[in-house]
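Heads up, the thing below is written out as structure tokens.
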Amino acid sequence: MGRMEEIWGEDCTEFKPERWISEKGNIIHVPSYKLMAFLAGPRTCTGKAIAFLQLKSMASAILWNYKFDMVEGHVVKPTPAMILLMKDGLKMRVSKRSLV
């Protein structure tokens, strides 16, 4: 579903975060039926809001406490799959931030 040309277009296998960001920097609403992880309509997962809240909380805590730099020379190549997988992973150098 996440890689269907009929839904996302010819570049459906490419990682393009700009699909969801307008030229002004606002979020572009994408109908729920395009993102089937939590289903859509009357059968939407009841834990969806909590899952998103936890995701945002953990992501902000990690980004606040750690610094991420991509390893020099690492090439990002996606692998065809139902979810986004990277052929050799995303090699990053992680270091603890000094919060002084």
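Under the working numbering, the final residue of the sequence shown carries the number 98; numbering is consecutive throughout. Glycine included, C-beta positions come from ideal geometry on N, C-alpha and C. All values reported here derive from a predicted model rather than from experimental measurement.
How about residue i and residue j: do their beta carbons lie closer than 8 Å?
| i | j | result |
| --- | --- | --- |
| tyrosine 64 | serine 96 | no |
| methionine 80 | arginine 17 | no |
Tell me, to the nearest whole angstrom, how far the beta carbon of residue i is from that of residue j; I am working on the premise that it is less than 8 Å.
| i | j | result |
| --- | --- | --- |
| cysteine 43 | leucine 37 | 6 Å |
| valine 74 | leucine 88 | 6 Å |
| leucine 82 | phenylalanine 13 | 6 Å |
Taking residue i as the reference, which of the options has the closest Cα?
| i | options | result |
| --- | --- | --- |
| glycine 39 | Ser30, Ala47, Lys46 and Gly45 | Ser30 |
| cysteine 10 | Leu53, Ile26 and Pro76 | Pro76 |
Any chance the segment 1 to 16 sits against the segment 53 to 68, with 3 or more Cβ pairs inside 8 Å?
no
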